[in-house]
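Have a look at the structure below before the remarks.
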Amino acid sequence: MKDANFLKENNARQLWHPMGHPREMQEQPPKIITGAEGVKITDIDGHTAVDAVGGLWCVNLGYSNQVVKDAISAQLQDLPYYSAFAGSSNPAAIEAAYAVQEFFAEDGIERVFFTSGGSDSVETCMRLARQYHRLRGEPTRTKFISLKKGYHGTHFGGASVNGNNRFRINYEPLLPGCFHLPAPYPYRNPFNETDPAKLAQLIAQAFEDEIAFQGANTIAALIMEPILGAGGVIVPDATFMPLMREICDRHGILLISDEVITGFGRTGHWSGARHWGVKPDMMSTAKGITSGYFPVGAALIGGKVAEVFESSDAEGAIYHGYTYSAHPVGAAAVTACLSETLRLDTKTNAAARGAQLFEGVQRLAKKYDIIGDVRGGHGLMTGIELVSDKAAKTPMDMDTMKRIHQTAYEAGAMVRLGAHNILMSPPLTITEPEVNVIVKALDAGFAAA
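Numbering (this note's numbering), first residue to last: 599 to 1047.
Following this line, the structure appears as structure tokens:
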């Protein structure tokens, strides 16, 4: 590795960063993270902080899981790469697919299609949804319904069903036939409804109205996150996802559960859909599938969909895939990661420490008027919405948000800014004292504002 002076001098010069303006990155260079251990990261100046972001919602096992690291190393020695396109496979991919299917069997999952990440997995689910309806003799079912504030990656398909215009406007026109329903977001919604259960009913009725307007025979799928992550950790009422499932079933619409964030224990259950008692037709996954140690995702296929493909004629061939689908090194990481996830029972710790973090932030909300809303309470997903005027719910300005972020980092915790929200998704192995560090660091950040 080059020395510190070289790295600082070239920081954001040649490298364009995702989700940032290139010029701003050069004027305000990002933090250079050089090491990590447990749930803590260390930057190039030697400052250490608890990683309340979990890398990017993904480092579920923390940074020091030697079992996963050893599995990656061993597979590199045996077979560093081979294609999984039709006609060839590898032992690691076969084992990984078996492990993933077993992990999600309770959700009705029967088949696994490996990808390189979450955006790939969403794209795969969308393409397979259209093909499913063609195989059933309904080729007019091409449209997708999703939720405003939802996040489904950055490919053209995922951006088209994304519910936040920041990921859409600069890249339009996007995929035609994508329509959005209001989010189950009691703090801000077009109905001015603060009761989560009533809001769930109103959105369900909006879904029914949209189906009637579009025509049920034109809609392929509803795609939704069980808990909306990047949109601000928006937790729906417990009735919401079951309501949407019932409407989908009644109208022949597939339900795709985007579990890229919520899968593998983050919500306190192994899947977000399971948290609400729903079995989706397909699931998009990534992140926690390898704890971020290797770029892997998977589209998970339920029995109803799998049966249609496997009983079809030649039209059921899947002419879709990625060079790194079922990559043997990634597959080895998957199997090791799932084994460790179960051994450590990370969902139980996520539920306990998530409750602790949520309660700590709620205490801060009583202390600081700039905290407009606190969301979470379901595993290690917590969102704090900041406002400059609590009565008017005026979103906090970005300069203040950045000041809070920097002060919290200096006080010992890396958090994430999402517009006027602070988002937290620490590793599922975090301890009680480490959660306390996050809360104290946030306290320092809000005091600075």
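From the three backbone atoms N, C-alpha and C, an ideal C-beta is built for every residue, glycine too.
How is the beta strand (DSSP E) around residue i delimited, first residue to last?
i     : result
G1116 : Shown here, the chain extends from 599 to 1047; a query on residue 1116 therefore has no answer.
D987  : T980 to D987
M708  : Reading off the sequence, residue 708 comes out as Glu, not Met. Start and end: I707 to T713.
A682  : Unbroken run through A682: none, as it is neither H nor E.
A818  : I817 to M822
D847  : Not the beta strand (DSSP E): D847 falls in the alpha helix (DSSP H), residues F838 to H849.
R611  : Note, R611: premise wrong, no beta strand (DSSP E); not H, not E.
I767  : Taken as a continuous stretch (DSSP letters only), I767 belongs to no beta strand (DSSP E), as it is neither H nor E.
A647  : T646 to D649
G1016 : R1014 to G1016
For residue i and residue j, what's the separation of their Cα atoms in angstroms?
i     : j     : result
C776  : I801  : 17 Å
E1030 : C935  : 23 Å
E700  : P993  : 44 Å
K629  : D641  : 7 Å
N768  : M623  : 19 Å
G970  : G981  : 11 Å
K606  : K638  : 21 Å
F712  : M599  : 32 Å
V651  : I1036 : 11 Å
Y680  : G829  : 37 Å
D547  : D995  : In the structure as shown, the chain starts at 599 and stops at 1047, and residue 547 therefore has no counterpart that could be examined.
A602  : G633  : 13 Å
P1025 : K945  : 11 Å
K1000 : L1015 : 8 Å
L852  : A897  : 14 Å
R872  : Q673  : 32 Å
E704  : P784  : 30 Å
N787  : G748  : 14 Å
Q803  : T646  : 49 Å
Y696  : N688  : 13 Å
I821  : G975  : 23 Å
K667  : R848  : 46 Å
L773  : K964  : 44 Å
I817  : N762  : 21 Å
Tell me whether residue i is buried or exposed, calling it buried when 16 or more other Cβ atoms sit within 10 Å of its Cβ.
i    : result
W614 : exposed
H856 : According to the sequence as given, residue 856 is Asp; it is not His. By the neighbour-count rule (16 or more Cβ atoms within 10 Å), D856 is buried.
H619 : exposed
K991 : exposed
E635 : exposed
T865 : buried
F683 : exposed
V833 : buried
M547 : In the structure as shown, the chain begins at 599 and stops at 1047. Residue 547 is therefore absent and cannot be evaluated.
I887 : buried
D879 : buried
G875 : exposed
Y730 : buried
R709 : buried
Hey, could you find the ends of the alpha helix (DSSP H) residue i is sitting in?
i     : result
T933  : P926 to L942
S671  : Q664 to D676
S882  : From DSSP, S882 is part of no alpha helix (DSSP H) but of the beta strand (DSSP E) over M880 to T883.
T722  : G716 to L733
N1019 : Element bounds for N1019: not the alpha helix (DSSP H) but the beta strand (DSSP E), N1019 to M1022.
L1040 : E1030 to A1046
R864  : Run containing R864: none; DSSP gives neither H nor E here.
How is residue i classed by DSSP in three states: helix, strand or coil?
i     : result
T738  : coil
C656  : coil
G791  : What sits at residue 791 in the sequence shown is Glu, not Gly. Three-state result, E791: coil.
K638  : strand
N688  : coil
T998  : helix
F777  : strand
S855  : strand
L800  : helix
R621  : helix
R973  : strand
I887  : helix
T1005 : helix
I825  : coil
S1052 : Limits of the chain in this structure are 599 at one end and 1047 at the other, which puts residue 1052 out of reach.
A990  : coil
A949  : helix
G633  : strand
State the CB to CB distance for the pair residue i and residue j, rounded to an integer number of angstroms; the pair is presumed to be in contact (CB under 8 Å).
i     : j     : result
F892  : A924  : The pair is not a contact, with the Cβ atoms about 12 Å apart (cut-off 8 Å).
A819  : I854  : 5 Å
L978  : S1023 : 6 Å
S882  : S719  : 4 Å
G928  : V657  : Not really, about 16 Å apart at Cβ, beyond 8 Å.
T837  : A795  : 6 Å
K885  : I859  : 6 Å
I1002 : G952  : Not quite, the Cβ-Cβ distance comes to about 21 Å (not below 8 Å), so this is no contact.
Return no unless some Cβ of chain B is closer than 9 Å to the Cβ of residue i.
i    : result
E938 : The displayed structure is made up of one protein chain only, and chain B is not part of it.
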